[in-house]
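Be aware that the sequence shown starts at 11, since it is given in the working numbering, and climbs by one per residue.
Just so you know, even glycine gets a beta-carbon here, dropped at the ideal spot from N, CA and C.
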Amino acid sequence: MFVTKDIVINQIHRDGPHIAKSFDRIAENDLREISSVIADAVGLMWHHLRFEAEDFRSTCAGLLNSALSTFLASIEVARHGYRRPYGAIARGIVEALATTLHIAMEPGALARFHDGKLDPTKSVSAARKAFPPFGHLYGILSNHFVHINRAHSGLEPTKRYTKDEEPLDFILSNMRVHAWLIYVVTELVFYDDVPEPRYWKKIAQNQFQYDPSDDEMAWQRQFLGDETLQSDD
11 MFVTKDIVIN
21 QIHRDGPHIA
31 KSFDRIAEND
41 LREISSVIAD
51 AVGLMWHHLR
61 FEAEDFRSTC
71 AGLLNSALST
81 FLASIEVARH
91 GYRRPYGAIA
101 RGIVEALATT
111 LHIAMEPGAL
121 ARFHDGKLDP
131 TKSVSAARKA
141 FPPFGHLYGI
151 LSNHFVHINR
161 AHSGLEPTKR
171 YTKDEEPLDF
181 ILSNMRVHAW
191 LIYVVTELVF
201 YDDVPEPRYW
211 KKIAQNQFQY
221 DPSDDEMAWQ
231 RQFLGDETLQ
241 SDD
């Protein structure tokens, strides 16, 4: 093995594009389906974005946009062959969505958020109570990717992707989950803007029930896979 002074430049300009092409070739269909789901979410949130506004809708739109930016960043990290770092970045998506749910569910959470007093870990706990898969997903990303463990000491070369490799299968299924969660949380926050809600039913003032139709559940299983989402209870 020879190490040259331009090792970083080579990774960025020589090796990186080839790795990204291998990802794009294998993941093309997944990315197209994911993009369609993300487009539905962006269509609901974009006109609520307001710079420096602190009302409920503007704050949630900003958080959802942050989750979207982190989501896109995680894809770029994965595209260039960084399999384990993908998971570390992806946890930020869950935290942003959990904070959005916490603000939507708990009176006073919005004010604490703007005062810098809303604990992210408590937001994850609050989101988990409302939607159990949050706890399972957050635990996987924390324990296997963020918290340093034995696996981090193993050799994981940054190389081109091959079809059916286990890390790529995880990344693509995880991307689908995150895209889906971004839409589900966006639909809840901007429920009044949705002509035909797919996942939530309003049962009282400021109270909602997760209530997808049988057709929606069938689509969800096709999009996510039967075992992708589960509760940690």
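Classify phenylalanine 33 as helix, strand or coil using the three-state DSSP reduction. Residue mapping note: residue 33 aligns to position 23 of the sequence shown, counting from 1. For phenylalanine 33, the secondary structure class from DSSP, reduced to helix, strand or coil, is helix.
Taking the C-alpha atoms as reference points, what is the distance between leucine 73 and glutamine 215? Within the sequence shown, numbered from 1, the residue matching residue 73 stands at position 63. Within the sequence shown, numbered from 1, the residue matching residue 215 stands at position 205. Just so you know, the alpha carbons of leucine 73 and glutamine 215 end up roughly 23 Å apart.
My assumption, with CB atoms under 8 Å, is that alanine 83 sits in contact with isoleucine 99. Please give the rounded CB distance. Along the sequence shown, one-based indexing puts residue 83 at 73. Along the sequence shown, one-based indexing puts residue 99 at 89. Right, their Cβ atoms sit about 6 Å apart.
Provide the residue span of the beta strand (DSSP E) that contains lysine 211, from first to last. Mapped onto the sequence shown, residue 211 falls at position 201. Unbroken beta strand (DSSP E) run through lysine 211: 210–214.
Give the straight-line distance between the Cα atoms of valine 187 and valine 18, rounded to the nearest whole angstrom. Taking the first residue of the sequence shown as position 1, residue 187 is located at position 177. Taking the first residue of the sequence shown as position 1, residue 18 is located at position 8. Cα-Cα distance, rounded: 32 Å.
Give the C-beta separation of phenylalanine 66 and leucine 128 to the nearest angstrom, bearing in mind that I take them to be a contact with Cβ-Cβ under 8 Å. One-based indexing of the sequence shown puts residue 66 at position 56. One-based indexing of the sequence shown puts residue 128 at position 118. Wrong, their Cβ atoms sit about 14 Å apart, outside the cutoff.
Residue ranges of each beta strand (DSSP E) run of no fewer than 3 residues wholly in the region 162–223, ordered along the chain? At a cut-off of 3 residues, the continuous stretches assigned as beta strand (DSSP E) that sit fully inside the region 162–223 are 210–214, 217–220.
What are the start and end residues of the alpha helix (DSSP H) that includes histidine 23? Looking up residue 23 in the sequence shown gives position 13. Histidine 23 -> no alpha helix (DSSP H), and no H or E assigned at all.
Throw me the rounded Cβ distance for the tyrosine 201 and phenylalanine 180 pair, which I believe falls under 8 Å. As a working note, residue 201 is residue 191 in the sequence shown. As a working note, residue 180 is residue 170 in the sequence shown. Taking a contact as a CB-CB distance under 8 Å, the pair tyrosine 201 and phenylalanine 180 does not count as one, their CB atoms being some 32 Å apart.
Determine contact between the region 90–98 and the region 147–162, defined as no fewer than three beta-carbon pairs at a distance below 8 Å. Using a C-beta cut-off of 8 Å, the region 90–98 makes contact with the region 147–162, since at least three inter-stretch Cβ pairs fall below that distance.
What residue range does the alpha helix (DSSP H) around arginine 60 cover? Mapped onto the sequence shown, residue 60 falls at position 50. Careful: arginine 60 lies outside any alpha helix (DSSP H) and carries neither H nor E.
For aspartate 242, count neighbouring Cβ atoms within 10 angstroms of its own Cβ and tell me buried if that reaches 16, exposed if not. One-based indexing of the sequence shown puts residue 242 at position 232. Reliability fails at aspartate 242, whose pLDDT of 46 lies under 50, so the model's placement of it is uncertain and no value is given.
Starting from valine 13, trace the alpha helix (DSSP H) in both directions and tell me its first and last residue. The residue you call residue 13 lines up with position 3 of the sequence shown. Counting along the chain, no alpha helix (DSSP H) covers valine 13, and no H or E run does either.
Excluding the 5 residues flanking leucine 178 on each side, which residues of the same chain have their C-beta closer than 6 Å to its C-beta? Here the question's residue 178 lines up with position 168 in the sequence shown. Tyr171.
Three-state secondary structure assigned by DSSP to aspartate 40: As a first step, residue 40 must be located in the sequence shown, where it is residue number 30. Helix at aspartate 40.
Looking only at its chain, what residues have a beta carbon closer than 8 Å to the beta carbon of valine 134, apart from the 5 residues adjacent to it on each side? On the sequence shown, residue 134 is found 124 positions in, with the first residue counted as 1. Around valine 134: Val104, Glu105, Ala108, Phe144, Gly145, Tyr148.
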